[in-house]
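S.K.:
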Amino acid sequence: MTNQFILHIDMNSYFASVEQQANPFYRGKPVGVCAYLSPKGCIIASSKEAKKVGIKTGCLVSEAKKLYPGVILVKNEPAKYRSTTEKIFKILSDYTERIEPYSIDEAFLDLTGYIKNFQQGEKIALEIKNRIKKEMGEWLTCSIGLSWTRFLAKFASDICEKDNCLIIDSIKKMEQIFSQVKITEAWGIKQRMERRLNQLGIFTLLDLKNFPVSNIMQALGKPGYYLWANANGIEIEGVRTQEEILPKSIGHSYCIPKQTNDLKYLSAVLMKLCEKTGRRLRESGLEAQGICSGYSLKYGGGYFKSQKTAEPLFTTEEIFKAAYNLILQNPPETKVYMLAVSVTRLKPLAGQLNLFYKAKNKNLCLALDQINDKFGEYTVFSGRMWGMGEQAHDRIGFRKSIAILSKIDQTIYEKEQI
Ligand SMILES: [Mg+2]
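Shown next as structure tokens:
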């Protein structure tokens, strides 16, 4: 055991609770937050009352109505959940600057150095719970896990009762809990892994803890070591702040169907790539201080250049100007088949706390993003993109983005694919 103190907080039935907080008529009733209200739309979050009648995440709207005809179905409002998260994270930031936003409704807090023992940690956990209820609304409850590793803290909040707090403060307590829960309750162990562990004779987390590490590494490799270390209370990753998990770059490339070196056409494609790049940048609450752009030529060769920029890049227009400038330094002389752009040297937007804020002087850009969020991609866009139509489709949902804020949209998107 080390003297680390990690807290994991997980909001209960988050989107549904936010809706119940916003509308008193929804409270105490089965509520399903849906991606779309059409019969084929699916539930992305259900209230605890809805869960009781069997309406779970992933359930179709038509199924939910069959399960409980009186169910209240609400279309999701990402902006509402984001602003609530922003406020909750502000409360959390009063306790440590080492916060890892894990998802829209979960975070890790590293309290090491701020507290001396788990009793003090418990006090903080209860205070956080009370402050959220008091400052945000009584309907917003959470589960909190507290332990000495990131894994154990998350494990504790996962198995903890709703609106409660579970502390794993000793090996003895850890072993006692490990002997009582199913192995698949552990963070990251799904049925497939369970089967492989069963084959090794590991049936409980306690078995996993006591298994010879060399044997498990032989059978499962590095992931085997991680499982074993987690079950032995050995820290693997620790809490990673926003700065530490920043991506190195954000960018898009596109193989253009109409291969040409016509700069007017290429600049329109480039603008669209910059718009997509810019949107991901803004969704992540980041700005860039570097640009990279270029092209590949149909008959071999190409040109790519990167540059540090004097001013930070944030808007699509800024990204486009920087990217197009690089290309103009060496315009293609023969047909281009691929264009690419990426922004580099990323950092959280200046003067702002983490990613949960709105930039004041960049509101127009964010407003345009919101309109496009609401009414579909490219409802509003730069004149330069006219005539681009369906080219350079938005691929959100297909690639894993680090953006916590965009995670919710991706979740919605991915669930819609079921
Ligand atoms: Mg949750």
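Counting from -4, one number per residue, gives the positions in the sequence shown under this note's numbering. From the three backbone atoms N, C-alpha and C, an ideal C-beta is built for every residue, glycine too. Being a predicted model, the structure only gives us computed values, none of them experimental.
Round the Cβ separation of Val48 and Ala40 to the nearest angstrom and send it over; I've been treating them as touching at under 8 Å.
M.R.: At roughly 15 Å, the Cβ-Cβ gap does not stay under 8 Å, so Val48 and Ala40 are not in contact.
S.K.: Please list the terminal residues of the continuous alpha helix (DSSP H) segment that includes Phe10.
M.R.: Unbroken alpha helix (DSSP H) run through Phe10: 9 to 17.
S.K.: Would you report the Cα separation of Lys70 and Val234, rounded to the nearest angstrom?
M.R.: Roughly 34 Å separates the two Cα atoms.
S.K.: To the nearest angstrom, how far is it from the Cα of Leu87 to the Cα of Ile119?
M.R.: About 10 Å.
S.K.: Is the beta carbon of Asn7 sitting closer than 8 Å to the one on Ser138?
M.R.: Cβ distance < 8 Å, so Asn7 and Ser138 count as in contact.
S.K.: Buried or exposed for Ala305, going by 16 or more other Cβ atoms inside 10 Å?
M.R.: With fewer than 16 other Cβ atoms within 10 Å, it is exposed.
S.K.: Would you say Ala148 lies against chain B (beta-carbon separation less than 8 Å)?
M.R.: The structure shown contains no chain B; it is built from a single protein chain.
S.K.: Which residues in the same chain as Tyr294 place their Cβ atom closer than 8 Å to its Cβ, once the five residues preceding and following it in sequence are excluded?
M.R.: Counting only Cβ-Cβ distances below 8 Å, and skipping sequence neighbours, we find Thr329, Lys330.
S.K.: Tell me the residue span of the beta strand (DSSP E) that contains Phe103.
M.R.: Looking at the DSSP string, the run of the beta strand (DSSP E) that includes Phe103 is 101 to 105.
S.K.: Who are Lys157's beta bridge partners in DSSP?
M.R.: Answer is none; Lys157 lacks a bridge partner.
S.K.: Do you know how far the Cα of Gln(-1) is from the Cα of Gly219?
M.R.: Cα to Cα, Gly219 sits roughly 24 Å from Gln(-1).
S.K.: According to DSSP, is Asp202 helix, strand or coil?
M.R.: Note: Asp202 maps to helix in three-state DSSP.
S.K.: How is Glu92 classed by DSSP in three states: helix, strand or coil?
M.R.: Residue state, collapsed to three classes: coil.
S.K.: Which residues bound the beta strand (DSSP E) around Val338?
M.R.: Counting along the chain, the beta strand (DSSP E) containing Val338 begins and ends at 331 to 343.
S.K.: Indicate the three-state DSSP secondary structure (helix, strand or coil) for Glu72 in the structure shown.
M.R.: If DSSP states are grouped into helix, strand and coil, Glu72 belongs with coil.
S.K.: Terminal residues of the continuous alpha helix (DSSP H) containing Glu312?
M.R.: Its alpha helix (DSSP H) spans residues 311 to 323.
S.K.: Does DSSP classify Gly273 as helix, strand or coil?
M.R.: In this structure, Gly273 counts as helix in the three-state DSSP scheme.
S.K.: Give a single yes or no on whether Tyr9 has its beta carbon closer than 7 Å to a heavy atom of ligand 1.
M.R.: Checking the Cβ of Tyr9 against ligand 1 gives yes.
S.K.: Since Ile251 is in the beta strand (DSSP E), which residue starts that stretch and which ends it?
M.R.: Segment 244 to 255, the beta strand (DSSP E) holding Ile251.
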